[in-house]
Amino acid sequence: MDRFELLAALEQGLENGRISPQTAAYIAAELLGVDAYETGYHEWDALATEPDEAELALATD
1 MDRFELLAAL
11 EQGLENGRIS
21 PQTAAYIAAE
31 LLGVDAYETG
41 YHEWDALATE
51 PDEAELALAT
61 D
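Under this note's numbering, think of the first position of the sequence shown as 1, with each following residue one higher.
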């Protein structure tokens, strides 16, 4: 598995809730040689809790 495949697997895990954003950030940081904050994966918490447009439309009907 190369670096890009692992990053894609991390993002898929974030999308389906199988991995926490903090864990993904740590793994990606180790892989890329940067600080965990620099990966941006910690922001998935906020993205996952914000309702999307479809959910907002359902709520207003």
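The beta carbon of each residue, even a glycine, is placed where N, CA and C say it ideally should be. Keep in mind the model is a prediction, meaning the values are calculated, not measured.
In this structure L6 is exposed. Its beta-carbon is surrounded by fewer than 16 other beta-carbon atoms within 10 angstroms. Looking at Q12, Q22 and L31, the one whose alpha-carbon comes closest to that of D2 is L31. Going by C-alpha positions, I19 is about 13 Å away from A8. Pairing A28 with L10 gives a Cβ-Cβ distance under 7 Å. Going by C-alpha positions, L14 is about 9 Å away from Y41.
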